[in-house]
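Residue numbers (full-length UniProt numbering): 1 to 184. The beta-carbon is built from N, C-alpha and C at its ideal position, and this holds for glycine as well. Bear in mind that the values here come from a model prediction, so they are computed numbers and not experimental data.
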């Protein structure tokens with residue numbers, strides 16, 4: 001049976017106890033039905049907003065142009081010649097989201113913008129990410145830690161798959177071979 005992440009996520013969520021849990025999902029899972037399911041199961045959502053929700057993304061970019069929101073800056077220096085700075089800004093949705101977006105996302109309460117810059121060997125790399133949440137926590141540091149936690153899990157899992165199972169070097173790409181190897 002063919003499946004994809006959008007159809008698999010609701011099934012996985014249904015199997016979990018989400019009461020008081022914060023569910024963080026990449027942009028592919030940023031779907032109104034998924035947000036609704038998380039709330040209906042007693043959880044909270046922290047969802048990445050990208051081009052697959054273009055209207056919402058445009059609305060958020062406009063909101064942060066009007067008001068930079070409450071800002072938290074986190075700077076860390078790495079041992080490997082890398083300096084990373086994250087600036088997390090939050091806004092309440094009321095007064096900033098268009099009514100259609102306000103109605104579409106169950107209990108959406110906070111808009112989050114995280115600007116990250118990394119300097120690696122003198123070269124500056126910048127990235128801006130947007131998120132929505134149903135929670136109304138007034139401290140941007142809280143949302144910054146959710147984003148860092150999400151990417152920490154993602155990066156650690158990928159590292160483990162690559163180092164332990166040499167997944168990136170694997171050449172099994174056709175038929176059932178990739179699935180068979182990933183389940184071993």
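Contact under 7 Å by Cβ, residue 43 with residue 21
In this structure, residue 21 lies closer than 7 Å to residue 43 by Cβ.
Got a sec? Which residues, its chain only, sit under 7 Å from residue 135 by beta carbon, not counting five neighbours each side?
The beta carbon of residue 135 sits closer than 7 Å to the beta carbons of 44, 109 and 110 from its chain, once the five residues preceding and following it are set aside; these are given in chain order.
Alpha-carbon to alpha-carbon, residue 59 and residue 137:
CA-to-CA, the gap between residue 137 and residue 59 works out to about 21 Å.
Whose CA, out of 98, 64 and 103, lies closest to the CA of residue 91?
Across the set 98, 64 and 103, the C-alpha of 64 shows the shortest separation from the C-alpha of residue 91.
Distance between residue 56 and residue 16 (C-alpha atoms, nearest Å):
The straight-line gap from Cα to Cα measures roughly 28 Å.
Status (buried if at least 16 other CB within 10 Å, exposed otherwise) for residue 9
Buried is the call here.
CA-CA distance, residue 126 and residue 96?
If you take the alpha carbons of residue 126 and residue 96, they lie about 25 Å apart.
Could you tell me whether the Cβ of residue 149 comes closer than 7 Å to any Cβ of chain B?
In the structure shown, chain B cannot be found, because there is only a single protein chain.
Within 10 angstroms of its Cβ, does residue 146 collect 16 or more other Cβ (buried), or is it exposed?
By the neighbour-count rule (16 or more Cβ atoms within 10 Å), residue 146 is buried.
Looking only at DSSP bridge pairs, what is residue 116 linked to?
Partner(s): 86 and 127.
Sequence ranges, beta strand (DSSP E) only - wholly within the region 29-63, length at least 3:
At a cut-off of 3 residues, the continuous stretches assigned as beta strand (DSSP E) that sit fully inside the region 29-63 are 44-49.
Burial state of residue 116, where buried means 16 or more other Cβ atoms lie within 10 Å:
Under a 10 Å Cβ-count criterion, residue 116 is classified as buried, with 16 or more other Cβ atoms of the shown protein chains found around its own Cβ.
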